[in-house]
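Let me begin by presenting the structure, written as structure tokens, before commenting on it.
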Amino acid sequence: MQSWPILSLVIWLPILGGALVSLVGTGRANVARWLALAVAILVFAVSIPLFTGYDAASGTMQFIENHVWIGAIHANYYLGADGISIALILLTTFVTILVVLGAWDSVKDKVNQYMASILILEGVMIGVFAAMDALLFYVFFEAMLIPMFVIIGIWGGPRRVYATLKFFLYTFFGSIFMLIALIYLYLQTHSWELSQFAALPLSATAQAWIFFAFLAGFAIKVPMWPVHTWLPDAHVEAPTGGSVILAAIMLKIGGYGFIRFSLPIVPDASQQFAWLIIAMSLIAIIYIGYVALVQLDMKKLIAYSSVAHMGFVTLGVFISLALVRVAGDKNAAYLGVSGAMVQMISHGFISGAMFSCVGVLYDRVHSRLIKDYGGVINTMPWFAAFWVLFSMANCGLPGTSGFVGEFMVILASFAMNPWVAAGAAFTLIIGAAYTLWLVKRVIFGAVTNDHVAKLKDINPREALMLAGFAAGVLVLGIWPEPLTHLMDASVRLLVDHLLVAKI
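478 is the number that the working numbering gives to position 471 of the sequence shown; each next residue is one higher, with no gaps.
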């Protein structure tokens, strides 16, 4: 049993560190940068014992902290983490370091406030992954909107006001329905504990209403088709760091919500409407891939790619329901949920890396349009090597992280229905089409203009940032066992719970 509140530390260290960075002042940009980097590295170091000290064989919630928060309504400051949570927390703490490095020179105005927003956002997102009290979860879930709203609204592009308002309204609108469902569950249990919600018997009608309330909140966050339209606008207008955090971490909160809320609390309704989520996921995987194919803006292309690849997450999660509740195939159900989780972590590295690459080019040329590039490999060979690696991972090349999660989900899909598996596998073709065509137009060929001819290759800081992403892509692609071992028992507990009908 741990003797110190490690989860509280990884939540509040970046928040307090962000507050400290904000006090540095706008005239001391370098101090703000170094202090933010030191805080980010410290938080990552503090989060490592979550991995090393977790008893993966049990798969239960560990590192528990439970204190009365609002006694009048039975709300507690209740934290805990299992293998699923820890994987996402470590992703958050690692990627934040790379985001701080990436913004070192690109953000020149109000550097202290930008770095403070990044750190505060990190702490709040970790709170989402650690909260075991539904009201605490909701507070962290909504609090994420504030620093991201600030990041896009202040340091974003020309249409940043439109993008921030669209981002805020979409996500806030969906979460209102989730709050109503949580209040209903509280009135039934007189508790906000997620374990109490999961143990509550519910009628088929109640489960259906709660399922769609959760769907409204989490589908927008993923985002799933057809509520994905806020994402390309937010990505295009966001600064590079905002895009990286949005794609690498914030989108995963939608998938995490389905795993932590929808499946254990309303398993019968989730199974009943699994066909709907599977259909929406396949549409995202196939249709959005074609949408990505015609984009002229690099950021918008990668944003649509994110929607398509996140479709594998929801596909894997809800295919597991059909496999375990209808077919009785527990092993394939384990594979589906594990594949969804691996895909989330993998996509965090790949999407963060690709948006970082676009940021490197934008800092030099100040354009995201594909037509303004061509032959970049001639002037930036080291950068081109990283870009090609991340592009191959985005295509699902074996040996990279992009292959592992998608392959696991396709295998689970095949156990349910070969046609579903064929639809899911088709995205590998579409993904290769738009990704490799992007590489061809931007990286290869002759130098097309003077801007490209004058480009200088990445500096040591940029190389370190991209190498961090590359390490995640390659290690997870070549040796995924530590991650799957961390999550395996937790996934099995979740799937076994789905066998218990609540009606």
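Here a beta-carbon is modelled for each residue, glycine too, at the ideal position from N, C-alpha and C.
These numbers come from a predicted model, not from an experiment.
{"Asked": "Would residue 571 and residue 397 be called neighbours here (beta carbons separated by less than 7 angstroms)?", "Found": "Past the boundaries of the shown model lies residue 571; the chain is included only from 8 to 510, so the question cannot be answered."}
{"Asked": "Kindly list the residues whose CB is nearer than 6 angstroms to the CB of residue 148, restricted to its own chain and excluding five residues on each side of it in sequence; keep chain order.", "Found": "135"}
{"Asked": "Taking just the CA atoms, how far does residue 204 sit from residue 285?", "Found": "25 angstroms"}
{"Asked": "Assign residue 75 to one of two classes, buried (16 or more other C-beta atoms within 10 Å of its C-beta) or exposed (fewer than that).", "Found": "exposed"}
{"Asked": "Under the assumption that residue 102 contacts residue 355 (Cβ atoms under 8 angstroms), give the Cβ distance between them as a whole number of angstroms.", "Found": "6 angstroms"}
{"Asked": "Quick one, are the C-beta atoms of residue 449 and residue 322 less than 7 angstroms apart?", "Found": "no"}
{"Asked": "Please confirm whether residue 255 and residue 182 have their CB atoms less than 7 angstroms apart.", "Found": "no"}
{"Asked": "To the nearest angstrom, report how far apart residue 68 and residue 272 are at their CA atoms.", "Found": "16 angstroms"}
{"Asked": "Going straight from the alpha carbon of residue 66 to that of residue 48, what length do you get?", "Found": "27 angstroms"}
{"Asked": "Residues in the same chain with beta-carbon distance under 6 angstroms from residue 288, minus the five sequence neighbours each way, listed in chain order, please.", "Found": "318, 321 and 322"}
{"Asked": "Would you list the residues sitting across from residue 75 in a DSSP beta bridge?", "Found": "83"}
{"Asked": "Between which two residues does the alpha helix (DSSP H) carrying residue 388 extend?", "Found": "388-401"}
{"Asked": "For residue 87, count neighbouring Cβ atoms within 10 angstroms of its own Cβ and tell me buried if that reaches 16, exposed if not.", "Found": "buried"}
{"Asked": "With burial defined as no fewer than 16 other Cβ atoms inside 10 Å of the residue's Cβ, what is the status of residue 487: buried or exposed?", "Found": "buried"}
{"Asked": "Unbroken beta strand (DSSP E) runs of length 3 or more, entirely within the segment 25-78: which are they?", "Found": "69-77"}
{"Asked": "On the three-state DSSP scale, how would you describe residue 491?", "Found": "helix"}
{"Asked": "Output needed for residue 83: all residues of its chain with C-beta closer than 8 angstroms, excluding positions within five of it in sequence on either side, in chain order.", "Found": "73, 74, 75, 76, 140, 143, 199 and 200"}
{"Asked": "Quick one: Cα of residue 505 to Cα of residue 17, how far?", "Found": "31 angstroms"}
{"Asked": "Could you give the residue range of the alpha helix (DSSP H) that holds residue 308?", "Found": "305-329"}
{"Asked": "Any idea if residue 468 is buried or exposed, counting beta-carbon neighbours within 10 angstroms, 16 or more meaning buried?", "Found": "exposed"}
{"Asked": "Could you check whether the Cβ of residue 110 sits closer than 7 angstroms to any Cβ belonging to chain D?", "Found": "Here there is only one protein chain, and chain D is not present."}
{"Asked": "Go ahead and label residue 306 buried or exposed: buried means 16 or more other beta carbons lie within 10 angstroms of its beta carbon, across all protein chains shown.", "Found": "buried"}
{"Asked": "Taking 7 angstroms as the threshold (C-beta atoms), are residue 452 and residue 402 in contact?", "Found": "no"}
{"Asked": "Please classify residue 152: does DSSP put it in a helix, a strand, or coil?", "Found": "helix"}
{"Asked": "Three Cβ pairs or more, each shorter than 8 angstroms: is that satisfied between the segment 123-138 and the segment 258-274?", "Found": "yes"}
{"Asked": "DSSP three-state call for residue 376: helix, strand or coil?", "Found": "strand"}
{"Asked": "Apart from the five residues on each side of it in sequence, which residues of its chain come closer than 6 angstroms, Cβ to Cβ, to residue 281?", "Found": "325, 328 and 329"}
{"Asked": "Note the first and the last residue of the continuous alpha helix (DSSP H) segment covering residue 277.", "Found": "274-279"}
{"Asked": "Which same chain residues, not among the five before or five after residue 534, have their C-beta less than 7 angstroms away from its C-beta?", "Found": "Nothing about residue 534 can be read from this structure; the chain reaches only from 8 to 510."}
{"Asked": "How long is the line joining the alpha carbons of residue 250 and residue 420, rounded to whole angstroms?", "Found": "31 angstroms"}
{"Asked": "At 3 residues or longer, what runs of the beta strand (DSSP E) sit wholly inside the segment 81-120?", "Found": "82-88"}
{"Asked": "Beta carbon of residue 150, beta carbon of residue 131: below 7 angstroms?", "Found": "yes"}
{"Asked": "Confirm, please, whether the CB-CB distance from residue 311 to residue 295 is below 7 angstroms.", "Found": "yes"}
{"Asked": "Are there 16 or more other CB atoms within 10 angstroms of the CB of residue 210, so buried, or fewer, so exposed?", "Found": "exposed"}
{"Asked": "How many Å lie between residue 8 and residue 33 at the Cα?", "Found": "Note on residue 8: pLDDT 44, under 50, position unreliable in the model; the coordinate value appears next. Rounded to whole angstroms, residue 8 to residue 33 spans 43 angstroms at the Cα level."}
{"Asked": "Sort 208, 54 and 162 by Cα distance to residue 104 and report the nearest one.", "Found": "54"}
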